[in-house]
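Colleague: Chains as they are written, first to last, in our numbering: chain W, 1274 to 1463; chain U, 425 to 665; chain R, 363 to 747. Glycine residues also receive a C-beta, built at the ideal position from the N, C-alpha and C atoms.
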Amino acid sequence: MIMNMRGLAMVVTLATLSGCAPYNLVTLERRDLGGFSVEPQIEWSSLENGGIEIWTVHGTGLEAVYFADGIADGEPLFEQRFGESDKPLPRFRSPMNANEAMEFVVDTLAISGAGEIRTSALRPAEFGAHAGFRFDLGYRDASGLEGRGLALGAVIDGRLYLLLYLAAAEHYFAAYGGPVERMIDSLETP
Amino acid sequence: MARAVRRRKTRVGMVLAIGLLVGACAQTIAFNKSAEFTPSSPSPRILLMPADIELSELSAAGIAFPKAEWTAAAIDNVGAAIEGFMALRNATLIAYQAPPAASPEAYLQNQIIKLHGAVGNAVLAHKFGPANALPTMRDKFDYTLGEGVRALAGDRAMAEYALFVYLRDSYASGERAAVMIFGLLLGVAVPGGLQIGFASLVDLESGDIVWFNRLVNPSGDLRTPDPARQTIENLLADFPL
Amino acid sequence: MTRLAPIAALALLVSACATAALDDGPDVTPGEQPRPASVEADFWMITDAAEARIRDSGRRVMDPAINAYVRRVVCAIAGPYCGDIRVYIIRVPDFNASMMPNGAMQVWTGLLLRARNEAEFAYVIGHEIGHYLRRHTLKRMIDLRTKTDALVFVQLAIGAAGGSPLAGNLVQLLAMASLSAYSRDQERESDAVGFRLLVDAGYDPYQAAPIWRRLIAEAEAADEDQRSIFFASHPAPEERAETLERLAEESPAEGDAFEARYLEAILPLRAGLFRDELRGRRFARLQVVLDQHFEAAAKLGELHYIQGELYRLRGGDGDQALAIAAYRRALSADGAPPETHRDLGLMLMKKQQSGEALGHLRAYLAAMPEAEDRAMVRSYMARLE
Chain W
1274 MIMNMRGLAM VVTLATLSGC APYNLVTLER RDLGGFSVEP QIEWSSLENG
1324 GIEIWTVHGT GLEAVYFADG IADGEPLFEQ RFGESDKPLP RFRSPMNANE
1374 AMEFVVDTLA ISGAGEIRTS ALRPAEFGAH AGFRFDLGYR DASGLEGRGL
1424 ALGAVIDGRL YLLLYLAAAE HYFAAYGGPV ERMIDSLETP
Chain U
425 MARAVRRRKT RVGMVLAIGL LVGACAQTIA FNKSAEFTPS SPSPRILLMP
475 ADIELSELSA AGIAFPKAEW TAAAIDNVGA AIEGFMALRN ATLIAYQAPP
525 AASPEAYLQN QIIKLHGAVG NAVLAHKFGP ANALPTMRDK FDYTLGEGVR
575 ALAGDRAMAE YALFVYLRDS YASGERAAVM IFGLLLGVAV PGGLQIGFAS
625 LVDLESGDIV WFNRLVNPSG DLRTPDPARQ TIENLLADFP L
Chain R
363 MTRLAPIAAL ALLVSACATA ALDDGPDVTP GEQPRPASVE ADFWMITDAA
413 EARIRDSGRR VMDPAINAYV RRVVCAIAGP YCGDIRVYII RVPDFNASMM
463 PNGAMQVWTG LLLRARNEAE FAYVIGHEIG HYLRRHTLKR MIDLRTKTDA
513 LVFVQLAIGA AGGSPLAGNL VQLLAMASLS AYSRDQERES DAVGFRLLVD
563 AGYDPYQAAP IWRRLIAEAE AADEDQRSIF FASHPAPEER AETLERLAEE
613 SPAEGDAFEA RYLEAILPLR AGLFRDELRG RRFARLQVVL DQHFEAAAKL
663 GELHYIQGEL YRLRGGDGDQ ALAIAAYRRA LSADGAPPET HRDLGLMLMK
713 KQQSGEALGH LRAYLAAMPE AEDRAMVRSY MARLE
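1. Measure the CB-CB distance between aspartate 404(R) and arginine 496(R) and report whether it falls below 8 Å.
2. Counting pairs of Cβ atoms below 8 Å between the segment 502-516 of chain U and the segment 593-605 of chain U, do you hit three or more?
3. Can you tell me which of Thr605(R), Ser716(R), Ala728(R) puts its alpha carbon nearest to the alpha carbon of alanine 744(R)?
4. Taking CB distances under 8 Å as the criterion, tell me whether serine 741(R) reaches chain W.
5. Inspect the CB distances between the segment 505-512 of chain R and the segment 469-481 of chain R and report whether three or more fall short of 8 Å.
6. Does alanine 529(R) come within less than 8 Å of chain W when only Cβ atoms are used?
7. Please list, in chain order, the residues of the segment 407-441 of chain R that have any C-beta partner in chain U closer than 7 Å.
8. 8 Å is my cut-off, CB to CB: does tyrosine 520(U) come that close to chain W?
9. Quick one: give me the first and last residue of the alpha helix (DSSP H) that aspartate 681(R) is part of.
10. Using the DSSP secondary-structure output, state which residues sit across from isoleucine 620(U) in a beta bridge.
11. Does DSSP put valine 1311(W) in a helix, in a strand, or in coil?
12. Under a three-way DSSP split, which group does histidine 550(U) fall into?
13. For tyrosine 568(R), tell me which candidate among Gly556(R), Ala579(R), Phe636(R) has the shortest Cα-Cα distance.
14. Does tyrosine 1449(W) pass the burial test, meaning 16 or more other C-beta atoms within 10 Å, or should it be called exposed?
15. Rank Ile1315(W), Asn1372(W), Phe1377(W) by C-alpha distance to the C-alpha of glycine 1347(W) and give the top, closest one.
16. Whose Cβ in chain U lies nearer than 8 Å to the Cβ of aspartate 562(R)?
17. Whole-angstrom Cβ separation of alanine 1424(W) and leucine 1437(W), contact assumed at under 8 Å?
18. Which residues does DSSP pair with histidine 1403(W) in a beta bridge?
19. How big is the Cα-Cα spacing for glutamate 1258(W) and valine 1330(W)?
20. For the alpha helix (DSSP H) that glycine 488(R) lies in, which residues bound it at each end?
21. Can you grab the Cα-Cα spacing for the pair alanine 598(R) / arginine 546(R), in whole Å?
22. From the beta carbon of glycine 631(U), is the nearest beta carbon of chain W less than 8 Å away?
23. Nearest chain R C-beta to glycine 607(U) closer than 8 Å, yes or no?
24. Roughly how far, in whole angstroms, is the beta-carbon of glutamate 671(R) from the beta-carbon of leucine 1395(W), given that I think they are within contact range, below 8 Å?
25. For phenylalanine 1340(W) and isoleucine 1325(W), which I take to be in contact (beta-carbon distance under 8 Å), what is that distance rounded to the nearest angstrom?
26. Do the segment 538-547 of chain U and the segment 610-626 of chain U touch if we need at least three Cβ pairs shorter than 8 Å?
27. Would you kindly report the start and end of the unbroken alpha helix (DSSP H) that includes valine 469(R)?
28. When the distance is taken between beta carbons, is threonine 495(U) closer than 8 Å to serine 1318(W)?
29. Between which two residues does the alpha helix (DSSP H) harbouring threonine 605(R) extend?
30. Could you tell me which residues DSSP pairs with methionine 461(R) in its beta bridges?
31. Quick test of the definition: if touching needs 3 or more C-beta pairs under 8 Å, does the segment 468-480 of chain U touch the segment 584-598 of chain U?
32. Taking C-beta pairs closer than 7 Å, name the residues in chain R that proline 1349(W) reaches, listed in chain order.
33. Return the chain-ordered list of same chain residues with a C-beta closer than 6 Å to the C-beta of aspartate 662(U), the five sequence neighbours on each side being excluded.
34. What does methionine 738(R) reach in chain W if we use C-beta pairs closer than 8 Å?
35. Could you work out which residues of chain R lie near proline 490(U), taking near to mean beta carbons separated by less than 8 Å?
36. In terms of alpha-carbon separation, which member of Arg415(R), Leu473(R), Asp562(R) lies closest to isoleucine 628(R)?
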């Protein structure tokens, strides 16, 4: 009822193995993410996984900001990690308009296990010096917990750049929404 | 149903790995939200969430087969042990009543309970052991369900805290015991059953997890009252109330 | 190797004690509850927990109309077992239906999309009820325990005798292959039960076989050798389709397929179900399913739009032109969704056909003034003007 055994067993195992910690501290200085940079606004714990940089405070099941830096034609949003799904991950096609880019992100989330994904308010937005897009989303995770998200992205020189914030709808999305919006305002492209 | 078999094997593999790593003693690690935590009143009222307990039998091959009869006994024994424990501390236990299924209240409360599961997962993933530590949580324990947690107490608001208990335990079947003995004779290590669990105490005003404990124990028996009491003593060690 | 013999003998002794004396017991009776402290009771506990997770999963289709329809068909097929069954429609774009020993039944939306009529759907449900009545899952689980119990002694013996661990793994692999699926005998039993239930409920007996044939065709159409998850646990579909065809020929019964009322029930969901399939990007398989719906020819505008979406997402050589043609066919047929104008407009934009693109984007906004992407569409239009 509370949580599934597999999750518990897996995390307990992870916890008892000693080894290098994969998370690093993100301090308040402007942070270069490759094709763009942001001011973090608060301290985050960061992790690199499958070509994506991930920032969290409490753990990615609760809140996380995902940064995609220059997804090229033919590439998926991230390298498939768990390999449980027999469906192929969607691949970015250059060039994509904003509708297609949103579909690419949403379908990737759906194949990765998010359910009942609802997008709203797809609109033009600045991505540094470039014309980009934003949209909002709602979803449910594998356990049925409601989540909310927002995305800011742009296709620049045929590559996709993305900032995606996903968090539990209850408490966490609102708790970190402020710093994320300020982070978005601070975004610069070279 | 094909998937169920594969999942159980993974689960057991993990559990066995822990058994081999952990050694012979019960280990608990407790986190308190703050050293200065003080209970809200001398006789706090605690909403006791339905304990999530499952007991299994380990087959000769080490696959855990859940047992309904043992689980029912464990639920009774754990309930009695918690009642006894709390009585000694002057705390009042209130049993959680789920609202009618498919009602809006049920949906909301289930979301809070699921959020607790996600928060519990995060605590277990990041606060036990250096492998997965988060720099942002390094020197503090700051996990909350947010104020939406008040929905659990309902209109009555009769409780100040909620207690969640999660336990999984497995016991070697006769055949498994035989395998373990054969193994000893042949010089092959074969693990037995393992008890793992956690307990968390949630402030029903703020939603903060004010206390959290994890238990890993290669021995212990929840099927009978006295050992079950011992497990609860272990699980609720350093309970702040 | 001399040490193996006494260990093997001991192993046999212990295995004999371990095996529950499981005869081919009676079928489940309506309203049956498991005896306390029985293996059945254990499985009810596990599946009750699994059912609770499904209930809260957020993956359920909650629409009352389709739930009422599916419930009606399940009850027609299940007869006296109707009261023991709780049906959950789960939003997964794969063909599957399954029943747990406690009476919880899952129907995946991929099945709803692939059945052509009510009789086909009812047959698949009846087949799963067959597994439930004959307690096949319970028997598989006990079989699993017996086989793996025997294996562990082999592994111990091989390990202790310093033998090659590969041999143990090969044995294990062989056992695993037979453990994850219903046995062929169990499949034959369930086919027979499903067929009998189909006929008894007044459906056309010839509607049992065709869906298996189409699933085989769908699997063959896929470039990868991927069988539906359903086939992983239900082996030998070709053999079973032949058996069901023969049973239909031998049966004097006649009945109806109820195609019209099935289509009526599915149609409100169909676009969403196809959208779920498109997400999976398994184009060859999806084309087989789409062609099946083209044959039924209901709401063709919607189907041509989905065809256009398939071409657009596939994005191979020449697919852009095919997509444009499909969107145009949709617009001149009945029931094309307003998104057709948007997606045609966006495609024409890519080909620099600005005037026509603008017209379609305008038509989209006129039909859907509250569209969630209206701000973005207006910005496309501003660029075109």
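Modeller: Reading it off the structure:
1. no
2. no
3. Ser716(R)
4. yes
5. no
6. With a pLDDT of 42 at alanine 529(R), under the threshold of 50, the predicted position of this residue should be treated as unreliable, though the coordinate-derived value follows. Answer no: the Cβ-Cβ gap between alanine 529(R) and chain W never drops below 8 Å.
7. Met407, Ile408, Asp418
8. no
9. 681-694
10. Arg592(U), Val640(U)
11. strand
12. helix
13. Gly556(R)
14. buried
15. Phe1377(W)
16. Chain U residues near aspartate 562(R): none, gap ~26 Å exceeds 8 Å.
17. 5 Å
18. Phe1400(W)
19. In the structure displayed, chain W extends from 1274 to 1463; residue 1258(W) sits before or after that span and is not available.
20. 480-495
21. 7 Å
22. yes
23. yes
24. 17 Å between Cβ atoms; not a contact.
25. 7 Å
26. yes
27. Per DSSP, valine 469(R) belongs to no alpha helix (DSSP H); it is in the beta strand (DSSP E), 466-470.
28. no
29. 599-612
30. Met467(R)
31. yes
32. By Cβ distance, chain R contributes nothing, its closest Cβ being about 11 Å from proline 1349(W), past 7 Å.
33. Ala454
34. Ala1371, Asn1372, Leu1395, Arg1396, Pro1397, Phe1406
35. Asp404, Met407, Ile408
36. Leu473(R)
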